[in-house]
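What follows is a set of notes on a single structure, which appears directly below.
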Amino acid sequence: MGGGYWNLGRIPRDRYLEIEAALRVFLDETFGNENYRIPRYYGAKVDFGDVDILLSSKVTEGSDWDEVKKLIIEGLGIKRHGSISSRVFSIVYHGFQVDFFRESHEHMLTKTNYMGFNDLGNLIGRLFRPLGLKYGERGLFFVFRRKTGNYTKVILVSADWEKILTLVGLDYGAWVRGFHEIEEMFEWIIASPYFRSTPYISRKSKVIRKGAKMRPTIQKFLQYIEERNIRCDQPFYLDEDEGIALIERHFPELRLKQQINDEQKKEKEATVLYAKYNGRLAMEWVPQLGGKSLGDMMSQFTQMYSPEELLMMEPAVVRASFIKLHEEKQPETKWRASKSH
6 MGGGYWNLGR IPRDRYLEIE AALRVFLDET FGNENYRIPR YYGAKVDFGD VDILLSSKVT
66 EGSDWDEVKK LIIEGLGIKR HGSISSRVFS IVYHGFQVDF FRESHEHMLT KTNYMGFNDL
126 GNLIGRLFRP LGLKYGERGL FFVFRRKTGN YTKVILVSAD WEKILTLVGL DYGAWVRGFH
186 EIEEMFEWII ASPYFRSTPY ISRKSKVIRK GAKMRPTIQK FLQYIEERNI RCDQPFYLDE
246 DEGIALIERH FPELRLKQQI NDEQKKEKEA TVLYAKYNGR LAMEWVPQLG GKSLGDMMSQ
306 FTQMYSPEEL LMMEPAVVRA SFIKLHEEKQ PETKWRASKS H
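According to the numbering used here, the sequence shown is numbered sequentially starting from 6.
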């Protein structure tokens with residue numbers, strides 16, 4: 006979290022390594038070394054603002070998060086502690102901020118990779134945008150968006166770190182070996198054929214520049230690009246078909262094209278269904294409906310007819326069936342109203 010929760014300042018590398026070693030002894034004995042991860046950092050990092058520790062959901066099996074926090078407080082003799090969020094617990098250990106992240110066991114590795122080497126995960130994520138992909142703490146995703154409405158379907162492309170890096174031309178072996186200097190990290194990023202400097206040098210990129218004020222690594226990356234006058238600014242975006250073809254070559258088991266076709270079929274069906282049956286039409290058919298009464302009646306109608314059945318029905322039949330249901334429910338509605346009085 007950058008040490009901002011307690012604002013205790015930064016400590017030198019030697020002191021940090023002592024604290025990390027002591028924490029690892031406690032974590033090994035209390036939770037087991039397979040149930041926690043500390044994200045990696047570059048070798049020559051001179052000072053630290055905090056240490057992030059990911060705790061597997063397995064440590065809460067048979068207990069709860071509060072019990073885990075109690076174990077930490079008592080085991081480390083903690084006096085100052087607090088919750089940054091429902092999933093992040095922070096303590097002050099020997100005058101240094103330590104943040105514990107509760108994470109599902111299946112996502113431990115992907116989140117550790119994302120958080121590794123400071124904000125390198127953020128820089129990696131931007132390489133996937135020209136491919137129409139989204140990279141984050143849970144892996145690499147393709148987001149299908151319908152042409153109208155707010156419907157989206159998030160499709161997991163991969164959680165395999167080597168395959169993820171290889172897709173954008175990053176050297177997986179270099180990642181495994183680690184980086185000694187922060188400049189090595191930056192050189193590794195810009196070596197990707199998908200790297201473009203424009204988002205970092207454009208004054209229009211307010212999001213990046215605002216984030217740089219809060220994230221030292223991003224700030225140093227901006228300085229690195231500007232000082233070396235790095236210009237990889239030729240626009241590069243694959244059209245949708247090219248992007249999908251590239252993804253399918255790297256991840257054939259995903260069958261992305263088939264998944265997209267399935268979603269497009271559902272989208273067409275939803276469009277046809279909406280033209281036959283929606284709230285606006287229902288109010289035209291039965292003008293006295295509105296608000297809660299409209300919602301209740303539409304809910305009852307969709308319980309009676311599945312989307313598949315409605316798709317097979319002619320619009321006039323849908324209209325007549327809805328009106329009939331409303332008429333059948335009128336005695337029940339009037340009885341409830343009279344009973345309430």
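All C-beta atoms in this analysis are idealised placements derived from N, C-alpha and C, irrespective of residue type, glycine included.
Nothing here was measured: the structure is a model prediction, and the numbers come from that model.
Requested in this report: For Y205, count neighbouring Cβ atoms within 10 angstroms of its own Cβ and tell me buried if that reaches 16, exposed if not.
Outcome: Counting of Cβ neighbours within 10 angstroms places Y205 among the buried residues, the total reaching 16 or more.
Report task. Buried or exposed for H331, please, with buried defined as at least 16 other CB atoms from any protein chain shown within 10 angstroms of its CB. Result -> Flag for H331 reads buried.
Query raised in the report: Do F105 and F94 come within 8 Å of each other at the CB atom, strictly closer than that value?
Result: Yes, they are a contact pair.
**Report entry** Pairwise C-alpha distance: S163 and Y147
**Finding:** It should be noted that the sequence gives Phe, not Tyr, for residue 147. One C-alpha to the other measures close to 10 Å.
Query raised in the report: Exposed or buried, V181, counting other C-beta atoms within 10 Å across all chains shown (16 or more means buried)?
Result: Burial call: exposed.
Query - Opening and closing residue of the alpha helix (DSSP H) in which Q269 lies - result: Unbroken alpha helix (DSSP H) run through Q269: 261–281.
Report task. Could you pull out every residue in the same chain whose Cβ sits closer than 7 Å to the Cβ of R151, ignoring the five residues on either side in sequence? Result -> Within its own chain, the residues whose Cβ lies closer than 7 Å to the Cβ of R151, once the five positions on either side in sequence are excluded, are E272, listed in chain order.
Query raised in the report: Do you know offhand how far K281's Cα is from G154's?
Result: So the two alpha carbons sit approximately 17 Å from each other.
Requested in this report: May I ask you to list the residues that DSSP assigns as paired with G141?
Outcome: G141 is bridged by DSSP to G144.
Query raised in the report: With DSSP run on the structure shown, which of helix, strand or coil describes R92?
Result: Reduced to three states, the DSSP call for R92 is coil.
Report task. Along the alpha helix (DSSP H) that carries I187, what are the first and last residues, could you check? Result -> 187–195 is the extent of the alpha helix (DSSP H) around I187.
Query - S61 (DSSP reduced to helix, strand or coil) - result: Annotated three-state conformation of S61 is strand, per DSSP.
**Report entry** Contact check, F191 vs F122, beta carbons under 8 Å
**Finding:** Between F191 and F122, the gap from beta carbon to beta carbon reaches 8 Å or more.
Requested in this report: On a CA-only basis, which of D267, P257, I252, L316 is nearest T276? Give me that one, please.
Outcome: Among D267, P257, I252, L316, the Cα nearest to that of T276 belongs to L316.
Requested in this report: Pick helix, strand or coil for Q102, following the three-state DSSP scheme.
Outcome: In the structure shown, Q102 sits in a strand (DSSP, three-state: E or B).
Query raised in the report: Can you list, in chain order, the residues of its chain whose CB lies under 7 Å from that of K262, leaving out five sequence neighbours each side?
Result: Closer than 7 Å at the Cβ level, and outside the excluded window around K262, lie I249, E253.
**Report entry** Nearest-angstrom Cα separation, counted from K158 out to I129
**Finding:** Rounded to the nearest angstrom, the two C-alpha atoms are 23 Å apart.
Query raised in the report: Shortest alpha-carbon distance to F306 belongs to which of F327, S62, D52?
Result: It is F327.
Query raised in the report: Where does E108 sit, in a helix, a strand or coil, going by DSSP?
Result: Assignment of E108 by DSSP, reduced to helix, strand and coil, places it in the strand class.
Query raised in the report: Among all the DSSP beta bridges, which residues are the ones paired with H86?
Result: Per DSSP, the beta bridge partners of H86 are I96.
Report task. Specify the secondary structure class of D19 as computed by DSSP and reduced to three states. Result -> D19: helix per DSSP, three-state reduction.
Query raised in the report: By a C-beta neighbour count over all protein chains shown, 10 Å radius and 16 as the cutoff for buried, is T115 buried or exposed?
Result: Its Cβ being crowded by 16 or more others within 10 Å, T115 is buried.
Report task. Kindly indicate the opening and closing residues of the beta strand (DSSP E) around K152. Result -> In this chain, K152 is not harboured by any beta strand (DSSP E), its DSSP state being neither H nor E.
Query - Sufficient close CB pairs (3 or more, under 8 Å) joining the stretch 27–36 to the stretch 71–84 - result: Touching, yes, given that three or more Cβ pairs across the two stretches are closer than 8 Å.
Query raised in the report: In whole angstroms, what is the alpha-carbon distance linking G54 and N283?
Result: Between G54 and N283, the C-alpha separation is close to 54 Å.
Query - Beta carbon of K202 nearer than 8 Å to that of I223 - result: The question names Lys, but residue 202 is Ser in the sequence shown. No, the Cβ-Cβ distance between S202 and I223 is not below 8 Å.
Requested in this report: Might you give, ordered along the chain, the residues of its own chain that have their beta carbon closer than 6 Å to the beta carbon of Y21, omitting 5 neighbours on each side?
Outcome: Cβ neighbours of Y21 beyond the five flanking positions: F53.
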